[in-house]
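These notes are about the structure you will find just below.
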Ligand SMILES: Cc1cc2nc3c(=O)[nH]c(=O)nc-3n(C[C@H](O)[C@H](O)[C@H](O)COP(=O)(O)OP(=O)(O)OC[C@H]3O[C@@H](n4cnc5c(N)ncnc54)[C@H](O)[C@@H]3O)c2cc1C
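In the numbering used here, the protein residues as written are 1 to 308.
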């Protein structure tokens, strides 16, 4: 079995997430283990900096360390005998009738196969983040360096489905950013280290309820997130909002020197998701192609790691 990834790390957006086991995801997590993928859950639990954390809209969350998770998952995948090909971007397919014969990589290589599983996600690339967002926010997918996402199903002739916001605009903004913990005041860092969460009031004049409509995770679009800055300790300080103008953020006591570390342009925008979902059956087979399956966000408008 061969795995192709366009960047130099597995996990994609999983390298910047962190929240697991909150609300119904706890049950879903136990189901995933019962269904046989428990090793992944064990690795995530082992890398959790905090467990059983409550914050608005989230009960009993655990927060994994986004800076430490990837190598452990990488090694586990390798131990399964799966051959990992990094910095290998799939750009096209070869097919006859409804069967994919093989894939073409951006370096010109052709790889044939019997069955293909597409897990390219639904985010970006740059053109989409410009068209439906506030420009490339320089997110973890690093399209300018590693090349754009390519929808394999669409290359095979199957039209992608896309998410739509209230105003009819396509896609949705990712719902959080990360601040470097080094740039926060000592007391905030101490509280983050101890409790996993810090909630700070946003000055009245900067509260923006409309911003809640932009985000992917609409079930967490609560007024608490418009009235407060919610920080979580995922190794960096996860800032629970789509984006936040830096000079306004620095008005908040303790954040005078705050600096975005993900996405780098988190003061202006974020990655745009929900732009590429394959029509599929419940066995995850892509409709219209006999040997193409999909998984993760490519398989539906899912919000997070657990669902993906
Ligand atoms: C800022 C942010 C914070 C988040 N926080 C959380 C959180 O706290 N909790 C939570 O549950 N979820 C969170 N999520 C959502 C979660 O990360 C996603 O739901 C999940 O990562 C989707 O997984 P995926 O593998 O389907 O897609 P992705 O993570 O998008 O991965 C797709 C992968 O495919 C690769 N790829 C794309 N095209 C090609 C190609 N043509 N050839 C080769 N490789 C290709 C990409 O490089 C990438 O590695 C967050 C997302 C973001 C952006």
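All C-beta atoms, glycine included, are put in the ideal place defined by N, C-alpha and C.
The structure displayed is predicted, hence computed values, not measured ones.
Between residue 309 and residue 121, how many whole angstroms is the CB-CB distance? I'm expecting something under 8 Å. Residue 309 lies beyond the range of the chain shown here (1 to 308); nothing can be said about it.
What are the complete alpha helix (DSSP H) segments, minimum 4 residues, inside the stretch 42-82? 69-79
Who pairs with residue 293 in a beta bridge, going by DSSP? If you number the chain shown from 1, residue 293 lands on position 293. Beta-bridge pairing links residue 293 to 117, 285.
Could you please give the first and the last residue of the uninterrupted alpha helix (DSSP H) stretch that includes residue 26? Translated into positions along the chain shown, residue 26 becomes position 26. 25-32 is the extent of the alpha helix (DSSP H) around residue 26.
Please report the Cβ distance between residue 147 and residue 106, rounded to the nearest whole angstrom; I am assuming they are in contact, meaning their Cβ atoms lie under 8 Å. In the chain shown, the residue the question calls residue 147 occupies position 147. In the chain shown, the residue the question calls residue 106 occupies position 106. Yes, residue 147 and residue 106 are in contact; Cβ-Cβ is about 6 Å, under 8 Å.
Taking the straight line between their C-alpha atoms, what separation do you get for residue 259 and residue 37? Start at 1 with the first residue of the chain shown, and residue 259 comes out as number 259. Start at 1 with the first residue of the chain shown, and residue 37 comes out as number 37. Rounded to whole angstroms, residue 259 to residue 37 spans 37 Å at the Cα level.
From the DSSP secondary-structure annotation, give me the bridge partner or partners of residue 4. Looking up residue 4 in the chain shown gives position 4. Per DSSP, 85.
Which residues in the same chain as residue 21 place their Cβ atom closer than 7 Å to its Cβ, once the five residues preceding and following it in sequence are excluded? As a first step, residue 21 is located in the chain shown; it is residue number 21 there, counting from the start. Around residue 21: 29, 60, 61, 62.
On the DSSP bridge assignment, give the partners of residue 277 in chain order. Numbered from 1 along the chain shown, position 277 holds the residue referred to as residue 277. According to DSSP, which records beta bridges pairwise, residue 277 is partnered with 161.
Should residue 257 and residue 306 be called a contact, given that it needs their Cβ atoms to be closer than 8 Å? Position 257 of the chain shown, counted from the first residue, corresponds to residue 257. Position 306 of the chain shown, counted from the first residue, corresponds to residue 306. No, these two residues do not count as a Cβ contact at 8 Å.
For the alpha helix (DSSP H) containing residue 223, list its first residue and its last residue. Translated into positions along the chain shown, residue 223 becomes position 223. Looking at the DSSP string, the run of the alpha helix (DSSP H) that includes residue 223 is 223-227.
Should residue 132 and residue 164 be called a contact, given that it needs their Cβ atoms to be closer than 8 Å? The count along the chain shown starts at 1 and reaches residue 132 at position 132. The count along the chain shown starts at 1 and reaches residue 164 at position 164. It is not a contact, given that the beta carbons lie outside the stated cut-off.
What residue from 55, 301, 13, 247 has the CA that sits closest to residue 279's CA? Reading the chain shown from its first residue, position 279 is the one you call residue 279. Closest by alpha carbon: 301.
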